[in-house]
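Chains as they are written, first to last, in my numbering: chain A, 1 to 335; chain B, 1001 to 1555. All C-beta atoms in this analysis are idealised placements derived from N, C-alpha and C, irrespective of residue type, glycine included. Source: prediction; values computed, not measured.
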Amino acid sequence: MSIVGEATVTTVASRRPAARPVARTVRRIIVKVVTAVLVLLGAASVTYFSQYLVPGNRATAILNEQQGRAQQYSAAQLAPVNHKFGFDKPVVVQYLDYIGGLFRGNLGTSYTQFKPVTQVIGAELLPSLVLTVCGLVAAWVIAVAVILLTAKRRRFISALGSTWEALTASLPPYWVGVVLLVVFAVEIRIFPVIGGTSVLGTVLPVLTLALPLAGFLGQVTRDEFEKVLDEPFITTARTRGMGDTAVRLVHALRHSVLPAVTLSGWALGALVSGAVIVENLFGRPGIGQVLVTAVNSRDVPVVSGIVLVVAAVYIVANLLVDLTYALIDPRLRDT
Amino acid sequence: MTRIRFTRLAAAATSALIASAALAACSASGGGASLAANGGGASASGGTPVKGGTIVYGAEQEPPCLAGGWVQQAYIDRNILDSLVTEASDGSIKPWLATSWTVSPDGLTYDFTLKPGVKFTDGTPLNAQAVVDNFTFWEKGGNSTAQVSIDPYFKKAVALSATHLEVQLNKPYLPFLTMISQGYFGILSPASLKRSTQAQCDDPIGSGAFEVKQWIHGQELILVRNPDYTSWPATAVHQGPALVDEVDWKFLTDPVERYAALTTGEANLIYDVPTVDWTSAKASYQVTQYITPGKPVSLFLNTSVGVFTDARVRQAFAYGADRKAAVETAFHGVIPYEGNPSVSQSTPGYDAAVADAYAYSPAAASKLLNAAGWTGRNAAGYRTKGGKELDVKLPYPAGSVVTAEGATLLQILQQQWKQVGFNVTLTPETMAETFSGVYNTPSSYDAQPWYWTSPSAAILWIVWRPSTKANPNYNNSSFYNNTELAGVIADGNTATTTTTADKYYDQAQQIIQNEAAAVGLYTQTTSIAAADNVHDFWLEKSQGEPVFEDAYLTK
C-alpha cells in the first residue's frame, strides 16, 4: 500500500493550481483501471496454464466424468471430444482463443455442464457475494463489540476478551459450522439445517465464516486500541469531560482500526475460500461449491472463470480499502 | 418421530471431524454407488395420507449432467424415463414399456410389444421407432455404460409396426433383458436426443412419472409429477400417476448435514446414512441397506508390469492381510466384507466358496514370497530380491470411490502387508487425477481399488474381456488377458439356461480368484433412512435406483 507516501506528495501538490490535481486524478484512475485489467489477465493466464500443465488428459476427464469411470480411451474415442472443445489446436491458439473470448465477455463453455461459464457462475454468484459480504460485516460487528466491551477494562474482562479472540481465531471453520449446526439447528431448532438462500438459512453460514474472522480482526485491533487509549490526546479528551464510551467509539476506535481495514481486503478474498466449506455443510449454492466441483473434474473454463471473479473481488475490495482509509484518516482525504 | 439425542450427532460430528480433515466439505464421496433393495423398501403403517405434497430427498452427489452412464445419473433418470423392462425383487424380468416379448429359439431375436398410446412429456408418441432410435443412440456410445452392457451382442433394432419392434443379436446373450433393466436404458424422446448436449444434460425428456421442473446447481433438483403418466412398470405398487406433486432432490454432500436434515424433519428420507449413525438410524427410522450387485470394491492387481506379474506375489498379497477384520473395523461393522473380487454377494451366480479363499495367513504369504524369490529383508524390514525392494504402488480414488472409511481400511492393511514384507505406498488421488487418467496406465500403479455396479454376472465380460490391439478393453484394469477366462465368460453369456450360465460364471470367478488377478475388499453398499411418515418408497432391483412414483406422506 503506497497510500501514505503518495499522501505526502499530494499534500504538497494540493497547494498548486486546481487543474493539475484533476489531471493527476484522471491519470491515476486510468493507471488503476489498466492495472486491474492486467491483474485479471495475469490471473486468467496463470490459471489457464497451470491447469494445462497438470498431468492427465482433459478429453479423458470429460469422458470419464460423464460415465463415472476412470479408464483409458482410444484415440478414436477421444478425437470427437478433442475436436469439440478445440483441444486439437495448438496450445497457443487455444490460449489466444480463450483470452480473446474474455474481451468479448465469453468465458468459454463448461466441460461438464456443456453451457457457457457465465451461466454456470452467474447463477451462483449472488449467494456467494451475500455470504461473504455478510460474513465480513458480521465479523466486524462482533470484533468491534468485543473490543469496545473488553479492551482495557478490568483485568479479568480484558483477559476474557483476548482469550475469546485467540480461541475463535484458531477455530477451523468446518468445526465451527458443525457445532453451530448441531446446537442451533438440531438441538435448539431456531435455524434450518438446509438453509438454501433464505434469510434465516443464511444466519448460521454467515456466523460460521464470521466467528474465526472476528477473532482474527479483534486480535489485530486490540493491541492498537490499547496503545491508543494511553495516548495523550485521549487523556485530553477525557479531561474535556468526554464519557468513556464516546472516547472509545469516536477517538480510540478510529485510530486503531486501520490495520484491520487493510486486512479486510484480504479477508474478503479469503472468505470466498472459506465459503467452500460453509456452502457444502449447509447445502447452500455458491461459487465455492462450483469451484471445488470444477477443480475435481478439471473443468478448466469454470475454474478460470471463478479465479477471474475472485481476482475481481480482490481488486474491488482493495479499492474500497483505499477509499475507507481516506474516510478514517482525514490526512489522506485530499488524494 | 424425529427426536434426536445430542450425543448421537455430536459423535457424528466428532468422528466426521477426525475421519476427514481432508474430506471436510470438499470431497464428494461415493463415486458411483447404489442403494436400494428390491421392490418394497420403506413403508410403515398408520397416519392419514397427505394429498400431493413434496417429498424431500437428501441425496449425496450431484452429477454435472443428467445424461450419462454414471449410477448417480441413473438414480435421477429412473424417475424421469421409462424402460422396456424392469427387474423384480426376485430377479425375474417384468413388463414396463414392453407389455410382452418373445425370444426366438436360437436366442438371437427379441420381439417386443409396446404398451399402446404412451406419450413422451413433449407430446410425441413413444412408439417402436422411438425405441429403435434409442438403441441406435446407445450403440453409438451415446451412453457408454449402456453400450458396454450390450456389446458385442447387439446387432440392430428394427421397428415392425407402431407397437412392435425386434432386437437382433449377433450371438445369444442370456442376461440381455436383465442388463437393459438398468436406468441407463431409459427411453428418451427422439426429439430430445436431437437437442444440444446442454439441453440433454439439464432436462432429459422421457415418458416417466416425473419431469425436471428446476435445477439449482449446488442445491437441489426439483422433479414435478407428470399428470398424464400411463406407463408404470408391472412392479409398481399403485396404478396411476405419481402420488406426490414434487420431489425435492437435494444434494447434501456433507454427511453430518445429511443426517441432521433427517433428524430435524427437513428431509423425509436420506441416501447413504453415515456408518457412525447407522445404529441410531435403525432405532429411529425405516432403514434399507442395499448391497450393489456387480463388481465389489476390490483391488485390481497390475499383472502386466511390476511385482504383480508373478501370480505367487499376487496370492501372497491376498494372504498377507486380515482383510475381513480390517473391513469390520474401518466400517464400524456396517458394510460387509467381500472376499470374492470379481462379483459381489448380491449378484446372481455368486460363488460364496470363492470368497473364502486367501483367509489371512502370514505363513502362506511368506512361503509364496520365498518361492517367488523375494527372500531378502532390508533394514526397514521389507523383502528384497536381487537388491530390489518389494514395492507396491497403491493409488486410490479418494472421495470419489474410496471414502474416508475406505482410506482407513487401506491404512490398516498397509501395516499388515508391511509385516509380511510388502512396502505399500498409498497415494490418495484427487478426483481430477482419477478422471483425467493420471493413474490408468500400466506404469502408474501396482494395485488400485474400483467397483462397477451391474445386475448380472455378465459384468465379468465387461471387466475381464481380454484387451486386443483391434479391440482394447480399458475396463480391464488388471491388464489381465486370459483366453480361458474369456472363453468361460463368453460361454456363460451365450448359455441357454441360467443354471448353465452360472456354472460358467462360477468357473470365471474361480479363475480370477486362483490367479489373484484382483483382491476382494468390501461390497459397494448404500443405505436409505426414511421417516415413519414416508410410505411406498422403494429401490429397484438392478442397481438400487430410488423410485418415487408410488411414494406418499402421511400426517
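Looking at the DSSP output, S1100 (chain B) bridges to B:T1113. Below the 8 Å Cβ cutoff, chain B contributes P1064, M1431, A1432 and F1435 as neighbours of S297 (chain A), in chain order. Taking a Cβ-Cβ cut-off of 7 Å, I1291 (chain B) has no neighbours in chain A, whose nearest Cβ is about 19 Å from it. Across the structure, L1539 (chain B) and I1270 (chain B) are spaced so that their CA atoms are roughly 13 Å apart. Between D1272 (chain B) and E1060 (chain B), the C-beta gap is smaller than 7 Å, which places the two residues in contact. By the 16-neighbour rule on beta-carbons within 10 angstroms, L217 (chain A) is buried.
The C-beta of V193 (chain A) comes closer than 7 Å to at least one C-beta of chain B. Near chain B, meaning a CB-to-CB distance below 8 Å, the residues of the stretch 277 to 288 of chain A are I277, V278, E279, N280, L281, F282, G283, R284, P285 and G286. Within the stretch 1467 to 1549 of chain B, the runs of beta strand (DSSP E) that reach at least 3 residues and sit entirely inside it are, in chain order, 1518 to 1522 and 1525 to 1530. In its chain, beyond the 5 residues on either side, no residue has a beta carbon closer than 8 Å to the beta carbon of A145 (chain A). For chain A, the residues of the stretch 1198 to 1217 of chain B that bring a beta carbon within less than 7 Å of one of its beta carbons are Q1198, C1201, I1216 and H1217, in chain order.
Runs of the beta strand (DSSP E) spanning 3 or more residues and lying entirely within the stretch 1326 to 1386 of chain B occur at 1383 to 1385, in chain order.
Note on L323 (chain A): under 16 other CB atoms within 10 angstroms of its CB, so exposed under the neighbour-count rule.
Within 8 Å of the CB of T1441 (chain B), the CB atoms of chain A belong to Q72, in sequence order along the chain. With a threshold of 7 Å between beta carbons, A1191 (chain B) makes no contact with chain A. The beta carbon of I190 (chain A) lies closer than 6 Å to those of F184 in the same chain, with the five residues before and after it left out.
Counting C-beta pairs with one atom in each stretch, the stretch 231 to 243 of chain A and the stretch 105 to 122 of chain A have fewer than three that are closer than 8 Å, which means they do not touch.
For S1298 (chain B), the uninterrupted beta strand (DSSP E) segment begins and ends at G1294 to L1301. If only complete runs of 4 or more residues are kept, the stretch 1398 to 1465 of chain B shows the alpha helix (DSSP H) at 1404 to 1420, 1431 to 1436 and 1459 to 1464, in order along the chain. Within 10 angstroms of the beta-carbon of Q1419 (chain B) lie fewer than 16 other beta-carbons, which makes it exposed.
Counting along the chain, the unbroken alpha helix (DSSP H) around V272 (chain A) starts and ends at L258 to L281.
Under DSSP, V1148 (chain B) takes part in no beta bridge, so it has no partner. In this structure the stretch 85 to 93 of chain A lies against the stretch 56 to 69 of chain A, because at least three pairs of beta carbons, one per stretch, are closer than 8 Å. Scanning the stretch 142 to 211 of chain A from its first residue to its last, no whole beta strand (DSSP E) run of 3-plus residues comes out. Going by beta carbons, I1055 (chain B) and A1551 (chain B) fall inside the 7 Å limit.
A residue is called buried once 16 or more other Cβ atoms fall within 10 Å of its Cβ, and G100 (chain A), having fewer, is exposed. Counting only the Cα atoms, V302 (chain A) lies some 53 Å from A1363 (chain B). Selection B:T1434, B:D1228, B:K1295 and B:G1218 evaluated against T1121 (chain B) yields B:D1228 as nearest (Cα-Cα).
For the stretch 84 to 116 of chain A, the beta-carbon criterion of a distance under 7 Å to any beta-carbon of chain B is satisfied by T112, Q113, F114 and K115. When rounded, the separation of the alpha-carbon atoms in P285 (chain A) and F1135 (chain B) is 37 Å.
Taking a contact to require three or more Cβ pairs closer than 8 Å, the stretch 1379 to 1396 of chain B and the stretch 1408 to 1428 of chain B qualify as touching. Within the same chain, T1384 and E1389 come within 8 Å of N1378 (chain B) by CB-CB distance, once the 5 residues on both sides are set aside. Spanning the alpha carbons of C1201 (chain B) and P1064 (chain B) requires a straight line of approximately 8 Å. Taking 7 Å as the threshold, the shortest C-beta distance from A246 (chain A) to chain B does not fall below it. Annotation for F1317 (chain B): the continuous alpha helix (DSSP H) segment containing it runs A1311 to Y1319. Taking a C-beta cut-off of 9 Å against chain B, none of the residues of the stretch 204 to 215 of chain A qualify.
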